[in-house]
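A.B. asks:
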Amino acid sequence: VQSPSHNEEYGFSADSLRDLTRVATLDAEMWTELFFKNKDNLCREIRRISSQLESYADAIEKEEEEMLKEMLHAGCAAKKEMEDKRR
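Following our numbering, the numbering of the sequence shown begins with 1 at its first residue and continues without gaps.
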């Protein structure tokens, strides 16, 4: 939501942007408290996600097709595994 290109690219995001950014419209006081109470886990996950995003950026920038496909397949498998656990 805070990306400089957010307003320019909004039409390309569909419903997933709304789902991913719903915290931005909620109570800042409440979320601040929750973030601080869970700071160790939250910071670890933020750093993990940041590292994963860097890996995607590197693969795209270097046009490493096989690496990008492997990461996409791994993401798909992880999502399926998560969904299977919920059933």
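Glycine included, each C-beta is placed from N, C-alpha and C at the ideal position.
Would you say the stretch 37-44 touches the stretch 55-64, given that touching needs at least three Cβ pairs under 8 Å?
C.D. replies: As far as the Cβ criterion goes, the stretch 37-44 does not touch the stretch 55-64, which means the pair count is below three.
A.B. asks: On the three-state DSSP scale, how would you describe residue 27?
C.D. replies: The residue given as residue 27 occupies position 27 in the sequence shown. Here residue 27 sits in coil by DSSP.
A.B. asks: Identify whether residue 87 lies in helix, strand or coil by the three-state DSSP scheme.
C.D. replies: The residue you call residue 87 lines up with position 87 of the sequence shown. The answer is coil: DSSP assigns residue 87 none of H, G, I, E or B.
A.B. asks: Can you round the beta-carbon distance between residue 71 and residue 51 to whole angstroms, since I take them to be within the 8 Å contact cut?
C.D. replies: Numbered from 1 along the sequence shown, position 71 holds the residue referred to as residue 71. Numbered from 1 along the sequence shown, position 51 holds the residue referred to as residue 51. With 8 Å as the limit, residue 71 and residue 51 do not qualify as a contact, their Cβ atoms being about 12 Å apart.
A.B. asks: In the DSSP assignment, the alpha helix (DSSP H) including residue 45 goes from what residue to what residue?
C.D. replies: Within the sequence shown, the letter at position 45 stands for residue 45. First-last of the alpha helix (DSSP H) with residue 45: 39-61.
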